[in-house]
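Enquirer: All residue numbers for the sequence shown refer to the UniProt record's numbering, where the first residue is 1 and numbers rise by one.
Don't be surprised by glycine CBs; every beta carbon is placed ideally from N, CA and C.
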Amino acid sequence: MLRLGRGTKITLSVIAALVLISTYVPLMVIVLNSFNASRVAGWPVSEFSLEWWGKALGNPAVHAAVFHSVVVALCATAIALLLGTLASFALQRFRFFGRDVVNLLIILPITLPGIVTGVALSNTFYSVLDPIGIQVGYAGMIIAHATFCVVMVFNNVIARLRRMNPNLEEASMDLGAGIGQTFRLVTFPQFRSAFIAGGLLAFALSFDEVVVTIFTAPPGIETLPLWIMNQMARPNEANQVNVVATLIILLSLIPVYFSQKASEKAVP
Numbered sequence: 001m002l003r004l005g006r007g008t009k010i011t012l013s014v015i016a017a018l019v020l021i022s023t024y025v026p027l028m029v030i031v032l033n034s035f036n037a038s039r040v041a042g043w044p045v046s047e048f049s050l051e052w053w054g055k056a057l058g059n060p061a062v063h064a065a066v067f068h069s070v071v072v073a074l075c076a077t078a079i080a081l082l083l084g085t086l087a088s089f090a091l092q093r094f095r096f097f098g099r100d101v102v103n104l105l106i107i108l109p110i111t112l113p114g115i116v117t118g119v120a121l122s123n124t125f126y127s128v129l130d131p132i133g134i135q136v137g138y139a140g141m142i143i144a145h146a147t148f149c150v151v152m153v154f155n156n157v158i159a160r161l162r163r164m165n166p167n168l169e170e171a172s173m174d175l176g177a178g179i180g181q182t183f184r185l186v187t188f189p190q191f192r193s194a195f196i197a198g199g200l201l202a203f204a205l206s207f208d209e210v211v212v213t214i215f216t217a218p219p220g221i222e223t224l225p226l227w228i229m230n231q232m233a234r235p236n237e238a239n240q241v242n243v244v245a246t247l248i249i250l251l252s253l254i255p256v257y258f259s260q261k262a263s264e265k266a267v268p
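Now the structure itself:
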């Protein structure tokens, strides 16, 4: 058993404390400024008010941005769940020429800088497809998000498939169950938690994506991250952004919590 010296423990504790402080203190500043009565965000907050909460919650632009973010994230997650799961089964259960190359190509989008992916997709949509009469529009933004969301599902599901016992599926089919029934009653329950965890992570990743969205969003369409970025250029509206950011912080706890629970269940 590894034992750490007193000095090492103190050093690690200090580093951990500094990391936690640098992470969560800025978040607390955002939350407190959402109640700032001043028109300009600042610190310390001298007077508290719910004025900015009322303005943000009643702002049609915020409603539209949330709607677009949710729609894009849901559609991208649905595509990712389908393609990521199919790819996981194909690469785990079958051996074929170019298997390692396919595995690399699936994972590559998440390793590339977002700006590279955004520029590549933008050039494809507007310089290649548009001239031949194919206008992707809103669907293009969904496809762009799905390219990196697939990786989240793929990594979760294939990791679980590698730990599954194939004898259970063989026993099910030996007892007369068909492929569909075996998948529904034996296979899917074994990787269901990883499937859900991948979906939640994919949704969270898509919901707050900004770089790829800048290059692929149709004119006049703003997702919530784009709206926040545009509003930050207006200092007098900063506290409205703080309200929206506070809501995102609170709502983000939900998928992260359930994703962790699902991941824990995925461990045999």
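Give the secondary structure of Asn165 by DSSP, where H, G and I count as helix, E and B as strand, and everything else as coil.
Expert: Here the question's residue 165 lines up with position 165 in the sequence shown. Correct three-state label for Asn165: coil.
Enquirer: How many whole angstroms separate the CB atoms of Ala194 and Val157, which I take to be in contact at a CB cut-off of 8 Å?
Expert: Sequence index remark: in the sequence shown, residue 194 carries index 194 (1-based). Sequence index remark: in the sequence shown, residue 157 carries index 157 (1-based). About 5 Å; that satisfies the 8 Å criterion.
Enquirer: With Gly198 and Met232 assumed to form a contact (beta carbons below 8 Å), what rounded beta-carbon distance in angstroms separates them?
Expert: In the sequence shown, counting from the first residue as 1, residue 198 sits at position 198. In the sequence shown, counting from the first residue as 1, residue 232 sits at position 232. That pair is no contact at about 31 Å.
Enquirer: Along the alpha helix (DSSP H) that carries residue 272, what are the first and last residues, could you check?
Expert: This structure gives no information on residue 272, because the portion of the chain shown stretches from 1 to 268.
Enquirer: Report buried or exposed for Gln181, applying the criterion of at least 16 other Cβ atoms within 10 angstroms of its Cβ.
Expert: For the purposes of this step, residue 181 is taken as residue 181 along the sequence shown, with counting starting at 1. Label assigned to Gln181: exposed.
Enquirer: What does the Cβ neighbour count give for Asn33, buried or exposed, with the cut at 16 atoms within 10 Å?
Expert: As a working note, residue 33 is residue 33 in the sequence shown. Flag for Asn33 reads buried.
Enquirer: Looking at the secondary structure, which residues open and close the alpha helix (DSSP H) in which Glu51 lies?
Expert: For the purposes of this step, residue 51 is taken as the residue at position 51 of the sequence shown. Looking at the DSSP string, the run of the alpha helix (DSSP H) that includes Glu51 is Glu51 to Leu57.
Enquirer: Cutting at 7 Å between CB atoms, please list the residues of its own chain near Ala80, excluding the five before and the five after it.
Expert: In the sequence shown, the residue the question calls residue 80 occupies position 80. Ala146, Cys149, Val150, Met152, Val153 and Ala202.
Enquirer: Taking only the alpha-carbon atoms, compute the straight-line gap between Ile196 and Tyr257 and give it to the nearest angstrom.
Expert: Residue 196 sits at position 196 when you count from the first residue of the sequence shown. Residue 257 sits at position 257 when you count from the first residue of the sequence shown. Computed Cα separation, rounded: 12 Å.
Enquirer: Applying the criterion that 16 or more other CB atoms from any shown protein chain within 10 Å of the CB defines a buried residue, is Val62 buried or exposed?
Expert: Translated into the one-based positions of the sequence shown, residue 62 becomes position 62. Under this definition Val62 is a buried residue.
Enquirer: Name the two residues that bound the continuous alpha helix (DSSP H) containing Tyr24.
Expert: Position 24 of the sequence shown, counted from the first residue, corresponds to residue 24. Where Tyr24 is concerned, the enclosing alpha helix (DSSP H) stretches over Arg6 to Asn33.
Enquirer: Is Phe48 helix, strand or coil when you go by DSSP?
Expert: Residue 48 sits at position 48 when you count from the first residue of the sequence shown. Residue state, collapsed to three classes: strand.
Enquirer: Give a yes or no on whether the minimum CB-CB distance between Asn165 and chain C is below 7 Å.
Expert: Checking the listed chains, one finds no chain C in this structure; it contains a single protein chain.
Enquirer: Using alpha carbons as the reference points, say which of Ile115, Phe89, Phe97 and Ala87 lies closest to Ile214.
Expert: Here residue 214 corresponds to residue number 214 of the sequence shown, with the count starting at 1. Looking at the Cα atoms, Ile115 is the closest of the given residues.
Enquirer: Take Arg93 as the anchor and find which of Thr187, Pro219, Thr216 and Val243 has the nearest alpha-carbon.
Expert: Position 93 of the sequence shown holds residue 93. Checking every option, the nearest Cα to that of Arg93 belongs to Thr187.
Enquirer: Determine, using beta carbons only, whether Lys9 and Gln240 come nearer to each other than 7 Å.
Expert: What you label residue 9 is simply residue 9 of the sequence shown in a count that begins at 1. What you label residue 240 is simply residue 240 of the sequence shown in a count that begins at 1. No. Outside cutoff.
Enquirer: Would Leu108 pass as a contact of Ala144 if the rule is Cβ separation under 7 Å?
Expert: Your numbering for residue 108 matches position 108 in the sequence shown. Your numbering for residue 144 matches position 144 in the sequence shown. Going by C-beta atoms, Leu108 is not nearer than 7 Å to Ala144.
Enquirer: Report the option in Pro219, Ser206, Leu200 and Leu185 whose CA atom is closest to the CA atom of residue 314.
Expert: No statement about residue 314 is possible, as the shown extent of the chain runs from 1 to 268 and does not include it.
Enquirer: Output the residue ranges of the alpha helix (DSSP H) runs that lie fully inside the stretch 92-157 and measure 4 residues or longer, sorted by chain position.
Expert: For the stretch 92-157, whole alpha helix (DSSP H) runs of length 4 or above, ordered along the chain, are 99-111 and 114-123.
Enquirer: Considering only their Cβ atoms, is the gap separating Pro218 from Gly133 smaller than 7 Å?
Expert: Counted from its first residue, the sequence shown places residue 133 at position 133. Counted from its first residue, the sequence shown places residue 218 at position 218. No. Outside cutoff.
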